[in-house]
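Per this note's numbering, the sequence shown starts with residue 6, numbered consecutively.
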Amino acid sequence: MPSSVRITTLAAVVYLSLTAIALVWAWLGYGRQAWELDAAWLTHPYPTRLLVSLALGLLLGLAVVATTRLLVAHAQWARELQRELRAIVGDLSPRELTWLALLSGFAEELFFRGAMQPVLGLWLTSLIFGVVHVGPRRVFLAWSLWAFVMGVLLGAIFELTGVLWGAVLAHVWINQRNMRFIQRY
């Protein structure tokens, strides 16, 4: 098992690079900020769309965390996946785990939803998001499918509101709570 210092250092390099790529891509490609979408389904003022985005992100995060626990309690494949993921994050301290959740949730949302989705669309971006979550064993296929579905849901929040922060909130919450659950299970 890799050391926690090595995992967090690698994660910092990867996710900070992903953040930089997302910001440059959005700015050079469209002259816009990666955390806003001009063609949102809702046309309300920004503060209203921000509140809707955050509320939807919170609801999604709570629902996914609860669903994860139900799946692990009732599905063998979910328990197997949980064990595989524990081998990766099991030795992280609570601080390292929270840092990893913040980095991954922010960077992945900024890159996939903020930079990629306006160019490739909701479905293709979600498919790519699922593909990059492929793991080394067959049990990780469920994680890839789950990531695709999450990409659609997180992307829909962004499409609806034009505000990325609800998707970021959901992603960070899900990662942090589920990684803590993985360690304890």
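Every residue, glycine too, gets a C-beta built ideally from N, C-alpha and C.
Assigned with DSSP and collapsed to three states, Val139 falls in coil, not helix or strand. A Cβ-Cβ contact shorter than 7 Å links Phe117 with Thr130.
Where His49 is concerned, there is no enclosing alpha helix (DSSP H), because DSSP gives it neither an H nor an E. Boundaries of the alpha helix (DSSP H) harbouring Val124: Gln122 to Leu125, taken from the DSSP string.
Within the model, the alpha-carbon separation for Leu158 versus Ile93 is close to 26 Å.
Around the beta-carbon of Ala78, fewer than 16 other beta-carbon atoms lie within 10 Å, marking it exposed.
Put simply, of Pro99, Pro52 and Phe134 the residue whose alpha carbon is nearest the alpha carbon of Leu115 is Phe134. Burial of Ala106 is indicated by the presence of at least 16 other C-beta atoms within 10 angstroms of its C-beta. DSSP places Val144 in the coil class of the three-state scheme, outside both helix and strand. Just measuring C-alpha positions, the residue of Arg189, Ile179, Leu169 and Asn180 sitting nearest Ala27 is Leu169. In the three-state reduction of the DSSP assignment, Ala80 falls in the coil class.
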